[in-house]
Amino acid sequence: MPEGIEVEYYRRAAEAVVGRVIENLWVVDDAYVRASTARGLAEVVRGGAVAAVRRRGKLLVLDVVCSGPGQDCGSVSVGFRFGMTGRLVVDGSAPIDRLLYSAANDQPAHRRVEVSFVEGGSMEVLDPRRLGAVELEPDEGALGPDAYSLSGPELSAALGRGSGPLKSRLLDQARVAGIGNLICDEVLFRAGVSPVRPAGELEPNEVIDLAAVVRDTFADLDARGGAHTGDLQAERQRGGVCPLDGGVLMRASVGGRTTYWCPVHQR
DNA sequence: CCGGATGTTCACCT
DNA sequence: GAGGTGAACATCCG
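What follows is the structure in structure tokens.
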């Protein structure tokens with residue numbers, strides 16, 4: 015997916031539909047709907063107004079209010095998860111044209127969700143690999159605090175005391191929400207901390223510093239244009255070298271994800 | 001042809 | 001229970 019930063023771009027673009035009334039919500043098939051309730055998604059939200067668009071980690075949430083006669087939904091939320099290749103298109107234009115696959119590969123066949131509005135316009139999800147999903151009333155409580163504003167105490171609680179590798183904890187959305195594989199490596203590179211360091215081993219001052227690096231890195235890469243714009247990313251390939259000290263980058267699978275780091279300055 | 005890819009979930013081990 | 005690994009999902013790309 016898009017990582018937290020890309021979903022934040024989606025959120026900003028989706029603000030354009032706040033106040034509009036949903037005419038219909040189309041989903042490619044039932045497999046793309048993550049079932050958390052038995053209620054039919056389209057039936058529930060049809061005729062409802064978008065009251066707000068929010069983001070928590072990599073989850074985009076639409077708050078929908080149905081106040082008309084004969085409508086029973088009251089207020090519901092609709093969650094959008096984008097998997098690795100999901101992109102949001104609002105009123106025909108995409109907030110980002112580059113993801114794992116380029117916009118040149120956009121095909122009608124990749125359209126998985128379309129929300130159309132009475133006032134006109136639409137919100138579409140294009141997702142070739144269809145690892146994303148739509149969900150009625152997603153469990154936002156299952157997500158940790160958002161990475162953009164992660165505080166030292168929040169990170170301290172997220173890391174816990176176990177001996178699991180630091181990177182695994184940072185990628186765990188229940189602990190911290192929004193960190194993806196690319197930005198995780200970038201954060202650890204900037205902080206000078208090894209991804210395989212036992213999470214519970216960090217000193218309190220290291221945790222405070224790391225939380226600041228997380229916030230700064232999100233702000234920086236947000237301004238640059240995405241999770242793929244990090245300093246380490248350019249060298250994130252076999253044989254790449256550290257942009258800081260020229261050390262040959264390590265490559266290994268950590269937490270199930272391909273991980274690059276510099277053995278010289280990341281300890 | 002093969003391996004890997006910005007994510008999540010589940011089965012199966014230790 | 002905690003934590004790890006690998007597979008699965010479906011498609012594209014080098």
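Under our numbering, the letters of the first sequence match residues 15 to 281, in that order. Idealized CB from N, CA, C, for every residue including glycine. Just so we're clear, the structure is a prediction, and the values are computed from it rather than from any experiment.
#1: May I ask which residues mark the beginning and end of the alpha helix (DSSP H) holding residue 183?
#2: Is residue 237 closer than 7 Å to residue 71 when the C-beta atoms are compared?
#3: Distance check for residue 218 and residue 145, CA to CA, integer angstroms please.
#4: In or out: residue 16 buried (at least 16 other Cβ within 10 Å) or exposed?
#5: Would you grab the beta carbon distance between residue 21 and residue 68 for me? Rounded to a whole angstrom, and I think it's under 8 Å.
#6: Enumerate, from N- to C-terminal direction, the unbroken alpha helix (DSSP H) stretches of 4 or more residues contained entirely within the segment 26-92.
#7: So, are the CB atoms of residue 207 and residue 170 less than 7 Å apart?
#8: Use the C-beta contact count for residue 205: other C-beta atoms within 10 angstroms, 16 or more gives buried, fewer gives exposed.
#9: Given that a residue counts as buried once 16 or more other Cβ atoms are within 10 Å of its Cβ, and exposed if not, what is residue 266?
#10: If distances are taken between C-alpha atoms only, which option among 163, 162, 158 comes closest to residue 174?
#11: Is the separation between the beta-carbon of residue 35 and that of residue 41 shorter than 7 Å?
#12: Spatial neighbours of residue 79 within its chain, please: C-beta separation below 7 Å, excluding the five flanking residues on both sides.
#13: Could you spell out the range, first to last residue, of the alpha helix (DSSP H) harbouring residue 172?
#14: Leaving out five residues before and five after residue 268 in sequence, what residues of the same chain have Cβ atoms less than 8 Å from its Cβ?
#15: Who does residue 23 pair with in a DSSP beta bridge?
#16: Do you know whose CA, among 131, 109, 138, 129, lies nearest residue 122's CA?
#17: Compute the Euclidean distance between the alpha carbons of residue 151 and residue 275, then round it to the nearest angstrom.
#18: Got a sec, what are the start and stop residues for the beta strand (DSSP E) residue 232 sits in?
#19: I need the straight-line Cα distance from residue 31 to residue 135, nearest angstrom please.
In short, the structure shows the following:
#1: For this step, residue 183 is matched to residue 169 along the first sequence. Counting along the chain, the alpha helix (DSSP H) containing residue 183 begins and ends at 180-185.
#2: Here residue 71 refers to the residue found at position 57 when the first sequence is read from its first residue. Here residue 237 refers to the residue found at position 223 when the first sequence is read from its first residue. Not closer than 7 Å, so no.
#3: Your numbering for residue 145 matches position 131 in the first sequence. Your numbering for residue 218 matches position 204 in the first sequence. Answer to the nearest angstrom: the Cα atoms are 37 Å apart.
#4: What you label residue 16 is simply residue 2 of the first sequence in a count that begins at 1. Result: buried.
#5: Position 7 of the first sequence holds residue 21. Position 54 of the first sequence holds residue 68. Rounded, the Cβ-Cβ distance is 11 Å, inconsistent with contact.
#6: 55-59
#7: Here residue 207 is taken as the residue at index 193 of the first sequence, counted from 1. Here residue 170 is taken as the residue at index 156 of the first sequence, counted from 1. Result no, Cβ atoms of residue 207 and residue 170 do not sit closer than 7 Å.
#8: Here the question's residue 205 lines up with position 191 in the first sequence. Classification of residue 205: buried, given that the 10 Å Cβ count is 16 or more.
#9: Within the first sequence, the letter at position 252 stands for residue 266. Under a 10 Å Cβ-count criterion, residue 266 is classified as exposed, with fewer than 16 other Cβ atoms of the shown protein chains found around its own Cβ.
#10: Taking the first residue of the first sequence as 1, we reach residue 174 at position 160. Nearest option by C-alpha distance: 158.
#11: To locate residue 35, count along the first sequence from 1; it is residue 21. To locate residue 41, count along the first sequence from 1; it is residue 27. No, these two residues do not count as a Cβ contact at 7 Å.
#12: Position 65 of the first sequence, counting from 1, holds the residue named residue 79. Closer than 7 Å at the Cβ level, and outside the excluded window around residue 79, lie 62, 63, 65, 89.
#13: Translated into positions along the first sequence, residue 172 becomes position 158. Unbroken alpha helix (DSSP H) run through residue 172: 166-173.
#14: Within the first sequence, numbered from 1, the residue matching residue 268 stands at position 254. Excluding positions up to five away in sequence, the list reads 179, 181, 182, 209, 210.
#15: Counted from its first residue, the first sequence places residue 23 at position 9. Within the DSSP bridge table, the entry for residue 23 names no partner.
#16: In the first sequence, the residue the question calls residue 122 occupies position 108. Here the closest residue by C-alpha is 138.
#17: Reading the first sequence from its first residue, position 137 is the one you call residue 151. Reading the first sequence from its first residue, position 261 is the one you call residue 275. Cα to Cα, residue 151 sits roughly 38 Å from residue 275.
#18: Within the first sequence, residue 232 is the residue found at index 218, counting from 1. Residue 232 -> not in any beta strand (DSSP E); alpha helix (DSSP H) instead, spanning 218-238.
#19: Taking the first sequence and counting its residues from 1, the one referred to as residue 31 is at position 17. Taking the first sequence and counting its residues from 1, the one referred to as residue 135 is at position 121. So the two alpha carbons sit approximately 8 Å from each other.
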